[in-house]
Amino acid sequence: MLNRSLLALTSVVHLLRPAIAFLIRNGVAYPAFAAAAKELFLQQARAELERDSRQPSLSALTILSGVHRCDVRKLTATPDSQDRHAQQDLNLASQVVSRWLSDPRYL
Numbered sequence: 001m002l003n004r005s006l007l008a009l010t011s012v013v014h015l016l017r018p019a020i021a022f023l024i025r026n027g028v029a030y031p032a033f034a035a036a037a038k039e040l041f042l043q044q045a046r047a048e049l050e051r052d053s054r055q056p057s058l059s060a061l062t063i064l065s066g067v068h069r070c071d072v073r074k075l076t077a078t079p080d081s082q083d084r085h086a087q088q089d090l091n092l093a094s095q096v097v098s099r100w101l102s103d104p105r106y107l
């Protein structure tokens with residue numbers, strides 16, 4: 001199982017390289033990406049549990065996703081994760097670089 005997991009992770013890391021480059025060019029810092037990835041892990045864990053007709057409890061989501069229980073509780077308590085991403089604050093340096101790279105006056 002470990003070999004299969006390692007192979008899957010290696011493949012995804014390879015696929016993420018251009019996506020990470022795109023995010024960095026557009027001023028998205030690691031904390032924003034990590035928060036989004038955490039939510040994706042939870043969404044997929046919930047879908048897997050529901051597909052198997054299992055209750056997506058906090059414990060089941062924590063075990064399957066690997067996301068810390070307090071984060072699972074926090075993220076499942078608020079219904080609109082899409083809105084949370086739209087309003088998520090980027091750090092000041094990321095905001096400056098993002099505006100600089102996307103503003104036609106500086107291109």
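For the record, in the sequence shown the residue sitting at position 23 is 23 according to my numbering, with numbers rising by one throughout. Cβ atoms here follow ideal geometry from the backbone N, Cα and C, with glycine treated the same way. These numbers come from a predicted model, not from an experiment.
Through-space distance from residue j to residue i, alpha-carbon basis
i: residue 52; j: residue 4; result: 21 Å
i: residue 105; j: residue 69; result: 45 Å
i: residue 16; j: residue 75; result: 24 Å
i: residue 86; j: residue 32; result: Caution is warranted here: a pLDDT of 49 is assigned to residue 86, below 50, making its placement in the model unreliable, and the coordinate value is therefore given only provisionally. Spanning the two alpha carbons is a distance of roughly 11 Å.
i: residue 11; j: residue 19; result: 13 Å
i: residue 21; j: residue 27; result: 10 Å
i: residue 64; j: residue 44; result: 9 Å
i: residue 14; j: residue 8; result: 10 Å
i: residue 102; j: residue 36; result: 22 Å
i: residue 56; j: residue 50; result: 7 Å
i: residue 23; j: residue 77; result: 27 Å
i: residue 6; j: residue 29; result: 26 Å
i: residue 98; j: residue 25; result: 7 Å
8 Å contact criterion, which residue i and residue j should meet: CB distance rounded
i: residue 58; j: residue 42; result: Actually they are not in contact, since the Cβ atoms of residue 58 and residue 42 sit about 10 Å apart, beyond 8 Å.
Counted within 10 angstroms of its Cβ, other Cβ atoms place residue i as buried (16 or more) or exposed
i: residue 39; result: buried
i: residue 66; result: exposed
i: residue 72; result: buried
Local conformation of residue i per DSSP, three classes
i: residue 14; result: helix
i: residue 29; result: coil
i: residue 97; result: helix
i: residue 72; result: helix
So within the region 32-59, which uninterrupted alpha helix (DSSP H) runs reach at least 4 residues, ignoring any that extend past its ends?
none
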